[in-house]
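S.K.: Structure in structure tokens, see below.
Number of protein chains: 2
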Amino acid sequence: MACGGLLLQCAEAAKARHFKWEVSNMFWSPDGEEKVLIGINGQFPGPTIRAKAGDTIVVELKNALHTEGVVIHWHGIRQIGTPWADGTASISQCAINPEETFTYRFVVDKPGTYFYHGHYGMQRAAGLYGSLVVDVADGEDEPFEYDGELNLLLSDWYHESIYTQMVGLSSKPFRWIGEPQSLLINGRGQFNCSLAAAHTPGSNQCTTSGNRQCAPVVFPVLPNKTYRLRVASTTSLASLNLVVGNHKLTVVEADGNYVDPFVVDDIDIYSGDSYSVLLTTDQNPSSNYWVSVGVRGRQPKTAPALAVLNYRPNRASRLPALAPPATPAWNDYAHSKAFTYRILARAGTPPPPATSNRRIELLNTQNRMDGHIKWSINNVSMVLPATPYLGSLKMGLKSTLAAVRPADTFGRGYDVTRPPANPNTTVGDNVYVLEHNTTVDVVLQNANALANNVSEVHPWHLHGHDFWVLGYGDGAFPGDAGYAARLNLKNPPLRNTAVIFPYGWTAIRFVADNPGVWAFHCHIEPHLHMGMGVIFAEAVDRVGEVPKAAVSCGATATALMANDHV
Amino acid sequence: MACGGLLLQCAEAAKARHFKWEVSNMFWSPDGEEKVLIGINGQFPGPTIRAKAGDTIVVELKNALHTEGVVIHWHGIRQIGTPWADGTASISQCAINPEETFTYRFVVDKPGTYFYHGHYGMQRAAGLYGSLVVDVADGEDEPFEYDGELNLLLSDWYHESIYTQMVGLSSKPFRWIGEPQSLLINGRGQFNCSLAAAHTPGSNQCTTSGNRQCAPVVFPVLPNKTYRLRVASTTSLASLNLVVGNHKLTVVEADGNYVDPFVVDDIDIYSGDSYSVLLTTDQNPSSNYWVSVGVRGRQPKTAPALAVLNYRPNRASRLPALAPPATPAWNDYAHSKAFTYRILARAGTPPPPATSNRRIELLNTQNRMDGHIKWSINNVSMVLPATPYLGSLKMGLKSTLAAVRPADTFGRGYDVTRPPANPNTTVGDNVYVLEHNTTVDVVLQNANALANNVSEVHPWHLHGHDFWVLGYGDGAFPGDAGYAARLNLKNPPLRNTAVIFPYGWTAIRFVADNPGVWAFHCHIEPHLHMGMGVIFAEAVDRVGEVPKAAVSCGATATALMANDHV
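Quick mapping for you: the protein sequence lines, in order, are chains A and B.
So in UniProt numbering, spot 137 of the first sequence is number 137, and the numbers just go up one at a time.
So in UniProt numbering, spot 58 of the second sequence is number 58, and the numbers just go up one at a time.
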């Protein structure tokens with residue numbers, strides 16, 4: 001497990017990797033339609049960071065947007081001891097103002113497949129993301145073998161600007177953003193045409209020539225080798241499924257943690273998830289094969305994304321003879337659950353504590369408030385403050401927390417199968433204060449949305465921690481009755497993102513051993529924007545010295561000025 | 001002149017006027033096409049402020065945008081003693097972050113026709129503006145009589161978002177934003193249809209019924225009365241001309257200063273200008289009349305805006321029988337110069353000092369830089385700093401000013417009739433440091449742009465001051481030779497905005513008696529965005545105590561923190 005618990009030993013080999021990035025708006029045509037997006041150093045997606053476990057990553061991030069702040073979250077990196085580098089606006093740091101540079105400095109302590117993305121407004125959906133891959137430290141080995149790697153960063157793509165999307169989500173009456181126009185693989189997709197038109201009645205064949213920004217992605221491979229596919233999803237809305245024509249996939253890693261290997265025909269990837277799967281190129285080498293990515297969990301109105309698995313020396317432009325493989329039916333939840341339930345920890349993974357000190361039960365509901373539609377947790381829809389929590393709590397600015405703390409339970413008896421009896425919600429800063437080194441269970445309870453017979457999948461992502469996924473259940477969480485008996489304490493997987501299935505519940509456990517202020521939220525961008533999250537303020541008194549630049553805004557800036565005037 | 005020089009006497013009658021505003025994005029259809037714009041309290045344009053000379057205006061401005069900062073500039077208000085309330089991002093204050101509230105508090109010391117607008121990025125072009133009208137103090141009289149008022153806030157309107165516009169202006173290759181799609185009167189216009197289709201071959205009659213956001217503006221008047229039309233322009237690009245069918249206009253005020261009344265058929269209004277004109281309803285009362293606003297100075301691709309002068313008791317919906325009056329030919333500069341040159345101070349206006357202590361000559365050129373197109377002043381294209389000047393200069397943060405100060409002259413011999421021989425420019429913070437109570441002349445020199453035979457009109461606006469417009473000339477400024485002889489020191493008008501005509505120069509004079517940091521720039525939004533401005537840092541050591549909230553960002557925030565960490 002590389003330097004996981006052996007930081008001192010690894011320190012010698014580890015090194016600092018420096019990056020200078022500039023974030024700016026630019027014209028780009030990810031799916032053939034031109035749009036203004038947010039890129040880094042003129043690239044979309046942003047540059048891939050590649051490091052070794054134990055390395056220190058140093059990113060000097062200049063904001064070259066004109067009027068917008070920016071932050072970058074390093075998704076899956078726990079930021080042990082550096083909570084101010086977690087890159088969450090209003091939570092871990094002041095947004096970086098235009099023309100300012102902020103230096104992110106943090107250790108990637110654990111090998112795995114990660115990514116990074118904007119975490120302010122809906123800037124992730126505007127294209128602010130890229131891959132972050134951490135290899136094992138020198139002298140360490142992965143617990144499986146492979147001959148090469150293929151990287152697949154998956155996303156979805158809207159033609160409307162995020163500004164228009166955000167106004168719609170905040171409007172009365174509410175305007176839903178609809179389904180994305182395209183799915184992208186490594187920032188490339190095809191709108192209004194198909195790479196495999198011969199197999200798609202009524203569609204036009206895409207022009208695949210040249211190096212257009214929407215050109216198909218080609219993964220060159222050699223026959224009879226084993227490849228590690230690193231797959232991560234930073235979609236705004238879509239839950240995805242990936243399948244490679246004729247090839248089996250062996251799942252070996254989830255969210256930067258090794259899992260007990262298992263073989264499948266396809267994998268589900270929710271927004272915020274990352275996986276490594278092994279693929280052996282054991283098929284007829286005279287053909288190329290399709291990689292197909294389709295939508296799950298919502299009636300798809302977005303065409304699957306395709307890429308070419310190119311068996312060399314075949315030409316990359318030689319389209320696969322077979323039709324693109326179909327992903328499972330969008331509403332085949334049994335298929336999805338079967339996949340998710342098979343994800344278990346690889347032998348050697350640290351086991352969870354046998355018991356917890358506290359259980360926080362979070363009911364996920366869709367609600368109304370003053371003509372707006374919101375997502376709420378225990379009837380509070382999250383609204384983030386002007387001054388980030390980490391600084392204001394560290395500096396003891398009491399006014400930054402509401403007097404009434406949010407509830408640890410929603411009680412028993414809530415009918416998760418029907419729209420909320422009382423659909424009204426409130427907004428607030430639903431901050432849960434966690435004591436140092438306590439073991440915390442969180443039960444996420446899904447429910448029916450405002451419309452009858454609607455309950456969606458929500459992938460919840462925790463910052464600052466991996467957690468053990470102890471179990472899942474259908475229907476209402478039963479409470480203490482039989483709770484412990486239903487948990488897997490033997491080999492639960494460690495992850496940073498866990499899904500709740502429609503009408504079901506998911507239980508996770510983690511140890512509050514990383515002082516900081518951490519977001520825990522649905523990773524679907526419009527859902528987070530509509531309030532679907534909570535905050536964990538964890539042993540803030542133990543947080544080390546916060547860099548000035550992380551607190552040079554709002555109340556934390558003015559609190560340090562001696563008088564009312566300067 | 002009300003409380004101009006009599007603040008103490010007026011203080012008794014003056015009062016504070018409080019406003020609570022919230023700035024947010026919203027859907028709106030100013031010309032029938034829906035778009036996301038920036039509104040205030042759900043309105044577009046923002047609420048009109050109406051006050052009396054000597055009043056204190058207090059605006060608690062909450063930023064409810066999602067990721068963008070915001071400021072509001074009170075155009076024409078000199079902010080005597082309150083330079084931090086001038087509302088210029090990067091210059092007078094830190095941009096107000098999302099969810100923050102900043103309180104603008106300033107005295108409107110002088111009656112007149114003003115307006116306010118965003119002054120960050122191109123937020124003005126996104127719709128962030130409104131009217132500000134200051135009446136004479138109680139017991140004072142205007143120096144002319146009228147029976148009623150009509151308010152006309154003029155703007156132009158693009159269907160592309162400002163984000164797309166800004167990216168295009170900053171791109172390599174450069175992408176010009178083109179001409180606006182519509183002209184708006186009080187935020188209303190008509191795209192792709194005409195209110196007077198009967199007179200406009202090939203056009204469709206607009207649907208004028210109901211209270212649509214693009215419904216025609218109606219000005220109800222009674223026959224045989226005199227009305228004061230308050231006209232101001234906050235256009236992004238367009239220079240305008242206003243004409244009212246069959247009616248003469250008597251110009252009595254320009255930019256909050258009384259002028260020697262003169263009668264015209266039409267008035268030019270450049271972006272940043274404001275005028276009061278008197279109109280007597282002495283025409284056939286059985287008819288209504290068109291108010292027509294057209295484009296000047298650029299080959300118009302935007303249809304004139306129309307409004308209805310509604311002689312009561314005629315129905316407002318009764319369209320004028322006559323065709324809308326035509327505005328002058330766009331390139332009839334002789335007409336424009338004749339109008340501008342007629343604007344002279346009303347008797348009683350303070351005269352300028354007879355001589356100046358310093359003359360700053362500013363050559364306006366269009367240039368190239370590393371594949372970008374820029375506007376430059378004495379070969380420096382303005383780039384604003386992350387930390388606003390007022391705070392950083394007041395606090396003596398030396399690193400905020402470049403070591404080399406910009407030049408006071410561009411020398412003689414520059415050929416203004418041709419594209420620049422050396423089109424390359426540099427970028428920088430072109431800050432001119434002004435000594436307290438010195439009299440400063442500024443000569444603005446226009447020139448040929450990058451393309452042959454192109455020289456545009458540029459309306460320059462000065463913050464913190466009115467200035468006397470001493471004179472205009474065609475061609476290259478002659479330097480000392482005959483300079484004084486060409487100036488009008490007898491009755492030059494006081495203004496805050498002055499135009500330079502193609503290939504010509506304009507000379508202004510002001511007394512540096514208002515400590516602060518003041519922008520001086522072309523009021524055309526894309527030109528300013530491309531660097532067309534300079535900064536006057538005026539006796540900053542005499543600036544009073546700056547409110548914390550104006551400096552709670554960047555280097556001015558961190559400078560006040562004792563250590564590197566918090």
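Yeah, the Cβ is synthetic: ideal placement off N, Cα and C, and Gly gets one too.
Bear in mind that the values here come from a model prediction, so they are computed numbers and not experimental data.
Could you name the residues of chain B that Gln123(A) contacts, counting a contact when the two beta carbons are closer than 7 Å?
M.R.: Neighbours of Gln123(A) on chain B, chain order: Thr67.
S.K.: Closer than 8 Å, CB to CB, is Lys15(B) near chain A or not?
M.R.: No, because no Cβ of chain A sits closer than 8 Å to the Cβ of Lys15(B).
S.K.: Could you name the residues of the stretch 309-320 of chain A whose beta carbon sits closer than 9 Å to any beta carbon of chain B, in the order they occur along the chain?
M.R.: Those residues of the stretch 309-320 of chain A that come within reach of chain B (Cβ to Cβ, closer than 9 Å) do not exist; the list is empty.
S.K.: How many whole angstroms separate the CB atoms of Lys20(A) and Glu60(A), which I take to be in contact at a CB cut-off of 8 Å?
M.R.: Yes, Lys20(A) and Glu60(A) are in contact; Cβ-Cβ is about 5 Å, under 8 Å.
S.K.: So for Trp176(B), helix, strand or coil by DSSP?
M.R.: DSSP places Trp176(B) in coil when its eight states are reduced to three.
S.K.: Would the stretch 326-343 of chain B and the stretch 369-378 of chain B be scored as touching if the rule is three or more Cβ pairs under 8 Å?
M.R.: They do not touch, by the three-pair rule.
S.K.: Would you identify the three-state DSSP class for Lys248(B), choosing helix, strand or coil?
M.R.: Three-state DSSP puts Lys248(B) in coil, outside helix and strand.
S.K.: Which whole-angstrom value describes the C-beta separation of Leu279(B) and His247(B), a residue pair presumed to lie in contact below a C-beta threshold of 8 Å?
M.R.: Their Cβ separation, rounded to whole angstroms, is 5 Å, which keeps Leu279(B) and His247(B) in contact under 8 Å.
S.K.: Does Thr426(B) come out as helix, strand or coil in the three-state DSSP assignment?
M.R.: The answer is strand: DSSP assigns Thr426(B) an E or B state.
S.K.: List, in chain order, every chain A residue whose beta-carbon is nearer than 7 Å to that of Val167(B).
M.R.: Chain A residues near Val167(B): Asn25, Met26, Phe27 and Val36.
S.K.: Sort out for me which residues DSSP pairs Cys522(B) with in a bridge.
M.R.: Cys522(B) is bridged to Trp460(B).
S.K.: For Ala2(A) and Glu140(A), I'd like the C-alpha separation in whole angstroms.
M.R.: Confidence at Ala2(A) is low in this model, with a pLDDT of 43, below 50, so the placement of that residue is unreliable and no value is reported for it.
S.K.: According to DSSP, simplified to helix, strand and coil, what is Ser271(A)?
M.R.: It is coil, neither helix nor strand.
S.K.: According to the neighbour-count rule (16 or more other Cβ atoms, all chains shown, within 10 Å of its Cβ), is Asp138(A) buried or exposed?
M.R.: Looking at its Cβ environment, which holds fewer than 16 other Cβ atoms inside 10 Å, Asp138(A) is exposed.
S.K.: Taking DSSP as the reference, what is the three-state secondary structure of His529(A)?
M.R.: Note: His529(A) maps to helix in three-state DSSP.
S.K.: Give me the chain B residues within the contact set of Glu100(A), using Cβ-Cβ distance strictly less than 7 Å, ordered along the chain.
M.R.: Residues of chain B passing the Cβ test: Ala386 and Gly554.
S.K.: From the DSSP output, in three-state form, read off Pro261(B) for me.
M.R.: Correct three-state label for Pro261(B): strand.
S.K.: For a contact meaning CB atoms closer than 8 Å, what does Leu233(B) contact in chain A?
M.R.: According to the sequence shown, residue 233(B) is Ser rather than Leu. Residues of chain A passing the Cβ test: none, with the nearest at roughly 23 Å.
S.K.: Check whether the Cβ of Met561(B) lies closer than 8 Å to any Cβ atom in chain A.
M.R.: Closer than 8 Å to some Cβ of chain A, the Cβ of Met561(B) qualifies, so yes.
S.K.: Do Leu240(B) and Asp266(B) count as a contact pair if the criterion is CB distance below 8 Å?
M.R.: For Asp266(B) and Leu240(B), no; Cβs fall outside 8 Å.
S.K.: In chain order, what residues of the same chain have a beta carbon less than 8 Å from the beta carbon of Asp31(A), not counting five sequence neighbours either side?
M.R.: Contacts found: Trp157, Gln181, Ser182, Leu184, Arg188, Gly189, Gln190, Phe191 and Cys214.
S.K.: Since Tyr129(B) sits in a beta bridge, which residues does DSSP pair it with?
M.R.: Per DSSP, His117(B).
S.K.: Give the straight-line distance between the Cα atoms of Val107(B) and Arg495(A), rounded to the nearest whole angstrom.
M.R.: In a straight line, the C-alpha of Val107(B) is about 59 Å away from that of Arg495(A).
S.K.: Taking only heavy atoms of the ligand NAP into account, decide whether any of them is closer than 7 Å to the Cβ of Ile38(A).
M.R.: Annotation note on the ligand NAP: not contained in the displayed structure, which lists no ligands.
S.K.: Keeping to the same chain, check which residues put their C-beta closer than 7 Å to that of Ala559(A); ignore five residues upstream and five downstream.
M.R.: Hits under 7 Å: Met395 and Leu397.
S.K.: Ala451(B): buried (16+ other C-beta within 10 angstroms of its C-beta) or exposed?
M.R.: Exposed, by the Cβ-count rule.
S.K.: I want to see whether chain A comes within less than 8 Å of Ala557(B), judged by CB atoms only; does it?
M.R.: By this cut-off, Ala557(B) is an interface position.
S.K.: On a CA-only basis, which of Gly428(A), Phe510(A), Val457(A) and Val427(A) is nearest Asp441(A)? Give me that one, please.
M.R.: Residue Phe510(A) is the option with its Cα nearest to Asp441(A).
S.K.: Would you grab the beta carbon distance between Val540(A) and Leu393(A) for me? Rounded to a whole angstrom, and I think it's under 8 Å.
M.R.: Yes, Val540(A) and Leu393(A) are in contact; Cβ-Cβ is about 5 Å, under 8 Å.
S.K.: If you run the structure through DSSP and keep just helix, strand and coil, what is Ile360(B)?
M.R.: Strand.
S.K.: Excluding the 5 residues flanking Thr48(B) on each side, which residues of the same chain have their C-beta closer than 8 Å to its C-beta?
M.R.: Here the set comprises Gly130, Ser131, Leu132, Val133 and Asn151.
S.K.: Would you grab the beta carbon distance between residue 571(A) and Trp28(A) for me? Rounded to a whole angstrom, and I think it's under 8 Å.
M.R.: Since the first and last residues shown for chain A are 1 and 566, residue 571(A) lies out of range.
S.K.: Determine the closest residue to Ser236(A) out of Ala126(A), Asn41(A) and Ala484(A), with distance taken between C-alpha atoms.
M.R.: The shortest C-alpha separation from Ser236(A) is found at Ala126(A).
S.K.: If we ignore side chains and look at the alpha-carbon of each, how far apart do Asn424(B) and Lys374(B) end up?
M.R.: Distance between the alpha carbons of Asn424(B) and Lys374(B): 9 Å.
S.K.: When the Cα atoms are used, what is the spatial distance from Asp415(A) to Arg212(B)?
M.R.: If you take the alpha carbons of Asp415(A) and Arg212(B), they lie about 44 Å apart.
S.K.: Any idea what DSSP makes of Pro83(A), helix, strand or coil?
M.R.: Correct three-state label for Pro83(A): helix.
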